[in-house]
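>
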Amino acid sequence: MDFKPIRNKLKTFTLDSVTNEILIILKKFEKDERKQRFWHPLILLKWNLEFSDKKYKAKTAKRADIGKLLKQLDELEMSHNTFRFKKGQSFTKTFTILAHQQFLYQEITWWDRFARQLILFNDLKSKYCIKKSFENLTNLSISTFLNISYIIWVYSHQSELTKVPYYGYINDDIKTLLTTIHSQKELKSYLDLLTVSKDNIHEILNEDNRVLRNYNLQTFEPSFFTRKPYFLHNNKLLIPHKDILHHNFNYFLYEYLKQKDKNFTTEFGLRLEKYVQLGLDESNQNYKTENELKKLIGLEKNLVDFIILDKVFIEVKAIESKPFVSANPTDKVLGNEFRKNLVKAYIKQMVNVAYNLKAQTEYFGIIITYKKLFLGTSQDIWNQFLKEETLKVWKKNEHSIIPYSNLFVMDIYTWDKLMQVLKDNSSLTLETVLKKVRDDNSSEKTKKFHFSMHLDEYDFTNFDLKYLKEANGRIVPEKASR
Numbered sequence: 021m022d023f024k025p026i027r028n029k030l031k032t033f034t035l036d037s038v039t040n041e042i043l044i045i046l047k048k049f050e051k052d053e054r055k056q057r058f059w060h061p062l063i064l065l066k067w068n069l070e071f072s073d074k075k076y077k078a079k080t081a082k083r084a085d086i087g088k089l090l091k092q093l094d095e096l097e098m099s100h101n102t103f104r105f106k107k108g109q110s111f112t113k114t115f116t117i118l119a120h121q122q123f124l125y126q127e128i129t130w131w132d133r134f135a136r137q138l139i140l141f142n143d144l145k146s147k148y149c150i151k152k153s154f155e156n157l158t159n160l161s162i163s164t165f166l167n168i169s170y171i172i173w174v175y176s177h178q179s180e181l182t183k184v185p186y187y188g189y190i191n192d193d194i195k196t197l198l199t200t201i202h203s204q205k206e207l208k209s210y211l212d213l214l215t216v217s218k219d220n221i222h223e224i225l226n227e228d229n230r231v232l233r234n235y236n237l238q239t240f241e242p243s244f245f246t247r248k249p250y251f252l253h254n255n256k257l258l259i260p261h262k263d264i265l266h267h268n269f270n271y272f273l274y275e276y277l278k279q280k281d282k283n284f285t286t287e288f289g290l291r292l293e294k295y296v297q298l299g300l301d302e303s304n305q306n307y308k309t310e311n312e313l314k315k316l317i318g319l320e321k322n323l324v325d326f327i328i329l330d331k332v333f334i335e336v337k338a339i340e341s342k343p344f345v346s347a348n349p350t351d352k353v354l355g356n357e358f359r360k361n362l363v364k365a366y367i368k369q370m371v372n373v374a375y376n377l378k379a380q381t382e383y384f385g386i387i388i389t390y391k392k393l394f395l396g397t398s399q400d401i402w403n404q405f406l407k408e409e410t411l412k413v414w415k416k417n418e419h420s421i422i423p424y425s426n427l428f429v430m431d432i433y434t435w436d437k438l439m440q441v442l443k444d445n446s447s448l449t450l451e452t453v454l455k456k457v458r459d460d461n462s463s464e465k466t467k468k469f470h471f472s473m474h475l476d477e478y479d480f481t482n483f484d485l486k487y488l489k490e491a492n493g494r495i496v497p498e499k500a501s502r
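Numbering-wise, the sequence shown is residues 21 to 502 according to my numbering.
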């Protein structure tokens, strides 16, 4: 199926009539606890802004017209190859596609998300100043951006606690509150950065490298509105659906700087490594750094960032799945995407160090990224691309010194969650947790798609890590807490 009939039908209706009907549907979905597929109306909203032609003689869209377009959008999505199941076919790729499409709306924002970003983007330093780069690009400091985001998060998602009603748009009351803390200029810079309208939609899309250019696949991409969550319509700054804010609060800084600053990725990788060390120190892990490993085994390259108790290797990679890869996770595409990072971490770094240490009978490996990769379990990763890539390098089973089942991939949030579990349970060791996850993932009944899900059985409730709590105390200015 092709998107063009949907586009062509959209163009027969007026911009405002389609927009108004979609916004009503989105608000209805927002109030529905069943979590309807609100990303489909969001696609129609984007296409409506993108393709509407004021010169075209158009008619007024009714609710039934939008319903028909949403049904066609469903059909377009279901025509994707991932839903053409065959007997004995693994569902991992389908889960990967749907995870990238939907899980970002389920990553609930909490105070730790802002604190973590303040540490990573503002506090930690290496060779390059990220906060200066961001300020030059946006006329905003990192701390101001996070302060404003935090207050809007409280307004949009904590109304039960604050007793301040959420109306679905940035109203004068919230603007007044924000300008008691920040200047009018700062607030304008913030909103301009995150706002889309009919007037600027084409300029934004032309610059946005996260938009899939294949419109037939856009049902699977993270919504454009996660990057531009404020929609200027009829002189109101609307939030089409408040769940789009989660991804914006959690990842806008990362995605924006990765697109705008060529020096960002290298610097951010170095900062991630320093951040991981904060957790190692707080949970009292016995570890060696990369420099200590150099002295220990005499190698200058293909080392790992940390080794815990001489048996658990930690490697930090500032990587993510590109939008095209997320929608097309074939074995070949995944192999090409992760050959120089995730694959390298396992076969050229961890296995290499293990052979030179020769101190343990069993090793484990953890690869830490900023965002979730949604690749499934170690077995899933092995079957999809890691086995083929590994056997190109190690042809005689040399990699078995670290069995692929002992390899784990997690995002930085999950790393903090793991450190918190170890801090809360002094008798629990990292090796014990890893063995439990490995064993659980060996059974269809107990396997879980992402490492973080395994940690829920340890009664994790909230973060009590000192570095996060200290950063949280600096997120909201003193004026906002009165």
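Note that CB positions come from ideal geometry on N, CA and C, so glycine has one too.
Who are the Cβ neighbours of D325 in its own chain at under 6 Å, not counting the five residues just before and after it?
The residue you call residue 325 lines up with position 305 of the sequence shown. Cβ neighbours of D325 beyond the five flanking positions: E293, E310, I334, E335, V336.
> Just verifying my parser: in three-state terms, what is the DSSP assignment at Y187?
For the purposes of this step, residue 187 is taken as the residue at position 167 of the sequence shown. In this structure, Y187 counts as coil in the three-state DSSP scheme.
> Cutting at 6 Å between CB atoms, please list the residues of its own chain near T434, excluding the five before and the five after it.
Against the sequence shown, residue 434 aligns to sequence position 414. Taken in chain order, the residues that qualify are F471, S472.
> Could you check whether H60 and T129 sit closer than 8 Å to each other, using their CB atoms as the reference points?
Numbered from 1 along the sequence shown, position 109 holds the residue referred to as residue 129. Numbered from 1 along the sequence shown, position 40 holds the residue referred to as residue 60. Contact flag unset, no.
> For D506, report the span of its beta strand (DSSP E) as first-last.
Residue 506 is absent from the structure shown; the chain starts at 21 and stops at 502.
> Which runs of the alpha helix (DSSP H) spanning at least 4 residues fall entirely within the segment 21-73, listed in chain order?
24-30, 35-51, 59-71
> Under a three-way DSSP split, which group does E302 fall into?
In the sequence shown, counting from the first residue as 1, residue 302 sits at position 282. Reduced to three states, the DSSP call for E302 is helix.
> Going by C-alpha distance, which of S447, Q399, L454 is nearest G385?
Along the sequence shown, read from residue 1 onward, the residue named residue 385 stands at position 365. Closest by alpha carbon: L454.
> Determine, using beta carbons only, whether Y487 and L298 come nearer to each other than 8 Å.
Along the sequence shown, read from residue 1 onward, the residue named residue 487 stands at position 467. Along the sequence shown, read from residue 1 onward, the residue named residue 298 stands at position 278. Cβ distance < 8 Å, so Y487 and L298 count as in contact.
> Beta strand (DSSP E) containing L485: first to last residue?
To locate residue 485, count along the sequence shown from 1; it is residue 465. Looking at the DSSP string, L485 is not in any beta strand (DSSP E), and its letter there is neither H nor E.
> Suppose you measure from the CA of F71 to the CA of K256; what does that come to, to the nearest Å?
Mapped onto the sequence shown, residue 71 falls at position 51. Mapped onto the sequence shown, residue 256 falls at position 236. Roughly 21 Å between the two C-alpha positions.
> Output the residue ranges of the beta strand (DSSP E) runs that lie fully inside the segment 222-254 and measure 3 residues or longer, sorted by chain position.
Fully contained in the segment 222-254 are the following beta strand (DSSP E) runs of length 3 or more, in chain order: 250-253.
> Starting from L258, trace the beta strand (DSSP E) both ways and give me its first and last residue.
For the purposes of this step, residue 258 is identified with residue 238 of the sequence shown, where counting begins at 1. That run of the beta strand (DSSP E) goes 256-258.
> Tell me where the alpha helix (DSSP H) around V336 begins and ends.
Position 316 of the sequence shown holds residue 336. It is not in any alpha helix (DSSP H) - V336 instead sits in the beta strand (DSSP E) that spans 332-336.
> Please return the same chain residues whose Cβ sits closer than 7 Å to the Cβ of K278, not counting the five positions on each side in sequence.
By 1-based counting over the sequence shown, the position of residue 278 is 258. These residues qualify, in order along the chain: F284, T285.
> Following a CB-centred definition, is F49 positioned closer than 7 Å to any heavy atom of the ligand GTP?
The model on display carries no ligand, and the ligand GTP is accordingly not part of it.
> Within 10 Å of its beta-carbon, does L442 have 16 or more other beta-carbons around it, so buried, or fewer, so exposed?
In the sequence shown, residue 442 corresponds to position 422, counting from 1. Classification of L442: buried, given that the 10 Å Cβ count is 16 or more.
> Look up V441 in the DSSP assignment and say whether it is helix, strand or coil.
For this step, residue 441 is matched to residue 421 along the sequence shown. Correct three-state label for V441: helix.
> Can you tell me where the beta strand (DSSP E) holding Y307 begins and where it ends?
Counting from one through the sequence shown, the residue named residue 307 turns up at place 287. Start and end: 307-309.
> Just how far apart, CA to CA, sit H267 and V174?
Within the sequence shown, residue 267 is the residue found at index 247, counting from 1. Within the sequence shown, residue 174 is the residue found at index 154, counting from 1. Near 15 Å, if we compare the C-alpha coordinates of V174 and H267.
> By how many angstroms is the C-alpha of D143 removed from the C-alpha of E451?
In the sequence shown, residue 451 corresponds to position 431, counting from 1. In the sequence shown, residue 143 corresponds to position 123, counting from 1. Rounded to whole angstroms, E451 to D143 spans 31 Å at the Cα level.
> Could you tell me the boundaries of the alpha helix (DSSP H) in which E493 lies?
Within the sequence shown, numbered from 1, the residue matching residue 493 stands at position 473. In the sequence under discussion, the amino acid at residue 493 is Gly, which differs from the Glu named in the question. Here G493 belongs to no alpha helix (DSSP H), and DSSP marks it neither H nor E.
> Alpha carbon to alpha carbon, what distance is there between K331 and P249?
Position 229 of the sequence shown, counted from the first residue, corresponds to residue 249. Position 311 of the sequence shown, counted from the first residue, corresponds to residue 331. Those two C-alpha atoms are separated by around 44 Å.
> What separation, rounded to the nearest whole angstrom, lies between the Cα atoms of I150 and Y276?
By one-based count along the sequence shown, residue 150 stands at place 130. By one-based count along the sequence shown, residue 276 stands at place 256. Cα to Cα, the separation comes out at about 12 Å.
> Going along the chain, which residues of its own chain have a beta-carbon closer than 7 Å to the beta-carbon of T158, five neighbours each way excluded?
Translated into the one-based positions of the sequence shown, residue 158 becomes position 138. Hits under 7 Å: S209, L213.
> So, for L395: in the same chain, excluding its five sequence neighbours on each side, which residues have a beta-carbon less than 6 Å away from its beta-carbon?
The residue you call residue 395 lines up with position 375 of the sequence shown. Counting only Cβ-Cβ distances below 6 Å, and skipping sequence neighbours, we find I401.
> Please tell me whether F344 and L232 are closer than 8 Å, where the distance is taken between their beta carbons.
Sequence index remark: in the sequence shown, residue 344 carries index 324 (1-based). Sequence index remark: in the sequence shown, residue 232 carries index 212 (1-based). Judged by beta-carbon spacing, L232 lies within the 8 Å limit of F344, meaning their Cβ atoms are closer than that value.
> Tell me the DSSP secondary structure of T449 in three-state form.
Here the question's residue 449 lines up with position 429 in the sequence shown. It is coil, neither helix nor strand.
> Using the Cα positions of F269 and D193, report the straight-line distance between them to the nearest angstrom.
Here residue 269 refers to the residue found at position 249 when the sequence shown is read from its first residue. Here residue 193 refers to the residue found at position 173 when the sequence shown is read from its first residue. Rounded to the nearest angstrom, the two C-alpha atoms are 21 Å apart.
> If we require 4 or more residues per run, which alpha helix (DSSP H) segments fall completely within the segment 331-393?
Qualifying alpha helix (DSSP H) stretches, in chain order: 343-347, 351-358, 371-377.
> Identify the residues that DSSP records as bridge partners of F326: which are they?
Walking along the sequence shown from the start, residue 326 turns up at place 306. Answer by DSSP bridge pairing, in chain order: T309, I334.
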